[in-house]
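Numbering (the numbering used here), first residue to last: 191 to 353.
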């Protein structure tokens, strides 16, 4: 569970997800968004929308997602961009995209709307953390994810220097 905040622009961040994360994180982002609905609006409402069950309720990324509307919307935009990226790379739709693209577009009714956007939490070893979450996630990717990082149909991100 994580939010790979590789760029402030969710469209670019999606392109910069490596192949493994392009497959895996569509599901995880949908789990975080679904959990936001369940916590904010209740399980009955979420069940009526056929959302995923609660997942990793107290994980910092999941808490961040449901903290306010701006953060929910940013993660939804990343979810959509990554699902589109999955379709581009693999020439098929991700099952989670087919199930939840439309229903997750609307933020929870009871999510806070009065708080500003904050960078996602840095869920990584301390050695990579810094004041800028984008830089921290770049360092984390290069330090911990380089051994399996590939980008099908894409150039490696300019910031990615394999060790």
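Every residue gets a Cβ at the ideal spot worked out from N, C-alpha and C, and that includes glycine.
Taking 8 Å as the cut-off, does the stretch 252-267 touch the stretch 226-238 (at least 3 CB pairs, one atom from each stretch)? The stretch 226-238 vs the stretch 252-267: in contact.
Span separating the alpha-carbon of residue 209 from that of residue 232: Looking up residue 209 in the chain shown gives position 19. Looking up residue 232 in the chain shown gives position 42. Distance between the alpha carbons of residue 209 and residue 232 is about 34 Å.
Assuming residue 198 contacts residue 293 (C-beta within less than 8 Å), just tell me the rounded distance between them. In the chain shown, the residue the question calls residue 198 occupies position 8. In the chain shown, the residue the question calls residue 293 occupies position 103. Contact flag wrong, Cβ pair sits at about 26 Å.
Limits of the unbroken alpha helix (DSSP H) element including residue 330: The sequence position of residue 330 within the chain shown is 140, counting from 1. For residue 330, the enclosing alpha helix (DSSP H) starts and ends at 323-330.
Within 8 Å, do at least three Cβ pairs link the stretch 269-278 to the stretch 330-341? With fewer than three CB-CB distances shorter than 8 Å, the stretch 330-341 does not count as touching the stretch 269-278.
State the CB to CB distance for the pair residue 220 and residue 286, rounded to an integer number of angstroms; the pair is presumed to be in contact (CB under 8 Å). By one-based count along the chain shown, residue 220 stands at place 30. By one-based count along the chain shown, residue 286 stands at place 96. Contact between residue 220 and residue 286 holds, since their C-beta atoms are separated by about 5 Å, short of 8 Å.
Please specify which runs of the alpha helix (DSSP H), each continuous and at least 4 residues long, are wholly inside the stretch 198-227, giving them in chain order. Those alpha helix (DSSP H) runs which fall completely within the stretch 198-227 and span 4+ residues are 200-206.
Are the CB atoms of residue 212 and residue 278 nearer to each other than 7 Å? Walking along the chain shown from the start, residue 212 turns up at place 22. Walking along the chain shown from the start, residue 278 turns up at place 88. No, they are not a contact pair.
Within 7 Å, strictly: CB atoms of residue 250 and residue 320: As a first step, residue 250 is located in the chain shown; it is residue number 60 there, counting from the start. As a first step, residue 320 is located in the chain shown; it is residue number 130 there, counting from the start. Against a cut-off of 7 Å, the Cβ pair of residue 320 and residue 250 comes out as no contact.
Exposure label - residue 256; buried when at least 16 CB within 10 Å: On the chain shown, residue 256 is found 66 positions in, with the first residue counted as 1. The residue in question, residue 256, is buried, as its Cβ has 16 or more Cβ neighbours within 10 Å.
Can you name the start and end residues of the alpha helix (DSSP H) that residue 234 belongs to? The count along the chain shown starts at 1 and reaches residue 234 at position 44. From DSSP, the alpha helix (DSSP H) with residue 234 extends over 233-238.
List the endpoints of the continuous alpha helix (DSSP H) containing residue 341. Counting from 1 along the chain shown, the entry for residue 341 is found at position 151. According to the DSSP assignment, residue 341 belongs to no alpha helix (DSSP H), since it is labelled neither H nor E.
Whole-angstrom distance between residue 242 and residue 192, CA atom to CA atom: Locating residue 192 in the chain shown gives position 2, where the first residue counts as 1. Locating residue 242 in the chain shown gives position 52, where the first residue counts as 1. Cα to Cα, the separation comes out at about 17 Å.
State yes or no: is the C-beta of residue 215 within less than 7 Å of the C-beta of residue 252? On the chain shown, residue 215 is found 25 positions in, with the first residue counted as 1. On the chain shown, residue 252 is found 62 positions in, with the first residue counted as 1. For the pair residue 215 and residue 252, the CB atoms are not nearer than the 7 Å cut-off.
From residue 283 to residue 290, what does the alpha carbon distance come to, in whole angstroms? If you number the chain shown from 1, residue 283 lands on position 93. If you number the chain shown from 1, residue 290 lands on position 100. The C-alpha of residue 290 is placed about 12 Å away from the C-alpha of residue 283.
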